[in-house]
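Engineer: Numbered per UniProt numbering, the sequence shown spans residues 1 to 300.
No residue lacks a Cβ here, since even glycine has one placed at the ideal position from N, Cα and C.
Remember, predicted model here, so these are calculated numbers, not experimental data.
The structure under discussion is supplied below as structure tokens; questions concerning it will follow.
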Amino acid sequence: MTDLADTDFTQRFIFDDSDTRGELVALERSYAEVLAKHPYPEPVAQLLGELMAAASLLVGTLKFDGLLILQARSEGPIPMLMIECSSEREIRGLARYNAEQIAADATLSDLMPDGVLALTVDPTVGQRYQGIVDLDGETLSDCFTNYFVMSQQVGTRFKLYADGRRARGMLLQQLPADRLKDEEDRAASWQHITALASTLAADELLSLDNETVLHRLYHEEQVRLFDVQHLRFNCSCSRERSGNALVSLGLEDAQALVAEQGGKIEIDCQFCNERYEFDAADIAQLFAGAGVDTPSDTRH
């Protein structure tokens, strides 16, 4: 899959006269790919887009090879939202929801009451890290801001919006003191930058390009905008991974499952709806060590 130019990307910026950095994200094609997999109600699609935007912003702040996972859970109409974004900037996502319980004007607290948000960094090499915060803000933007302020103790602001067609986001974050050594000057600069950001409306961020957004907010500041970093939708499921999952069951259990399922095991990917089928001959081949590259005569 090749990306269309300038539809899915992040773009960093920095303030020359302040210890503050920022990043903007725009998602269209990858957002459409995620929404095409399931008939999501509009409020679910919006939250899923906002979470995709957050993951895209966060993966750029982390220096690692591996996977960033954002998972929000609740006992409400949306039991789960999940986004995975790799260090290769490949993103996928899904939601679980009860459509009959979702009103068109539902808020985050209506959809995910008493919810929690888990941020997991799963590096290819090294220790897995997870942070958890309550979904106690009015919006996902508030929840992510609270997470960084409380758990990371870093001045941070998120703005996340999605409308079912485009997902957009902006991240502002304080850097270690360098240009502004005086604490009062540093605090005043941060307050000024975030106050201007708070004036940015959803329709502006969703419709304007990055240069226009930054000029609209910070035309009196010295801001440098860097090159774009592209993202794309990609699902990491495969027939090989599905086969490995069956091997982990053991031969007897896998054979029993084939019999219980009427001679064919069907494994569906929840992210992309791809289906992988395995019959008795495939199972024998797997446990003989032949893998899944040379499947039986059964078509898949």
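With phenylalanine 9 as the anchor, note down where its beta strand (DSSP E) starts and where it stops.
Structural biologist: Reading the sequence shown from its first residue, position 9 is the one you call residue 9. Counting along the chain, the unbroken beta strand (DSSP E) around phenylalanine 9 starts and ends at 9-15.
Engineer: Alpha carbon to alpha carbon, how far is threonine 10 from histidine 219?
Structural biologist: The residue given as residue 10 occupies position 10 in the sequence shown. The residue given as residue 219 occupies position 219 in the sequence shown. Each residue's Cα considered, the two are about 21 Å apart.
Engineer: Rounded to a whole number of angstroms, what is the C-alpha to C-alpha distance between isoleucine 267 and serine 242?
Structural biologist: What you label residue 267 is simply residue 267 of the sequence shown in a count that begins at 1. What you label residue 242 is simply residue 242 of the sequence shown in a count that begins at 1. Distance between the alpha carbons of isoleucine 267 and serine 242 is about 7 Å.
Engineer: Among the candidates Leu251, Phe271 and Leu257, whose CA atom is the shortest distance from the CA of alanine 288?
Structural biologist: Along the sequence shown, one-based indexing puts residue 288 at 288. Among Leu251, Phe271 and Leu257, the Cα nearest to that of alanine 288 belongs to Leu251.
Engineer: Verify whether the separation of the beta carbon atoms of valine 125 and leucine 68 is less than 9 Å.
Structural biologist: Taking the first residue of the sequence shown as position 1, residue 125 is located at position 125. Taking the first residue of the sequence shown as position 1, residue 68 is located at position 68. No. Outside cutoff.
Engineer: What does the alpha-carbon distance come out to for the pair threonine 20 and glutamate 240?
Structural biologist: Stepping through the sequence shown from its first residue, residue 20 is reached at position 20. Stepping through the sequence shown from its first residue, residue 240 is reached at position 240. If I take the Cα positions, the gap works out to 45 Å.
Engineer: What do you get for residue 301, buried or exposed, if any count of 16 or more other CB atoms within 10 angstroms of its CB means buried?
Structural biologist: For residue 301 there is no data in the structure shown, the boundaries of the chain being 1 and 300.
Engineer: For aspartate 227, which residues from the same chain have a beta carbon less than 8 Å from its beta carbon, with the 5 sequence-adjacent residues on both sides left out?
Structural biologist: What you label residue 227 is simply residue 227 of the sequence shown in a count that begins at 1. Cβ neighbours of aspartate 227 beyond the five flanking positions: Gln11.
Engineer: Check whether the segment 43-62 and the segment 150-169 touch, using three or more Cβ-Cβ pairs below 8 Å as the test.
Structural biologist: yes
Engineer: By how many angstroms is the C-alpha of arginine 186 removed from the C-alpha of isoleucine 14?
Structural biologist: Taking the first residue of the sequence shown as position 1, residue 14 is located at position 14. Taking the first residue of the sequence shown as position 1, residue 186 is located at position 186. Between isoleucine 14 and arginine 186, the C-alpha separation is close to 15 Å.
Engineer: Buried or exposed: asparagine 210, going by 16 or more other Cβ atoms within 10 Å of its Cβ?
Structural biologist: The sequence position of residue 210 within the sequence shown is 210, counting from 1. Asparagine 210 is buried by the Cβ-count criterion.
Engineer: Should arginine 199 go down as buried or exposed, given a rule of 16 or more other Cβ atoms within 10 Å for buried?
Structural biologist: As a working mapping, residue 199 is identified with position 199 in the sequence shown. Reading the sequence as shown, one finds threonine at residue 199 and not arginine. Exposed, because fewer than 16 other Cβ atoms sit within 10 Å of the Cβ of threonine 199.
Engineer: Please state whether DSSP places residue 336 in a helix, a strand or coil.
Structural biologist: It is not possible to answer for residue 336, since the shown part of the chain is limited to 1 through 300.
Engineer: What span of residues does the alpha helix (DSSP H) with valine 258 cover, start to end?
Structural biologist: Here residue 258 refers to the residue found at position 258 of the sequence shown. First-last of the alpha helix (DSSP H) with valine 258: 251-260.
Engineer: Helix, strand or coil for phenylalanine 287? Go by DSSP, reduced to three states.
Structural biologist: In the sequence shown, the residue the question calls residue 287 occupies position 287. Here phenylalanine 287 sits in helix by DSSP.
Engineer: Reducing DSSP to helix, strand and coil, say where leucine 48 ends up.
Structural biologist: Numbered from 1 along the sequence shown, position 48 holds the residue referred to as residue 48. Leucine 48 falls in the helix class under three-state DSSP.
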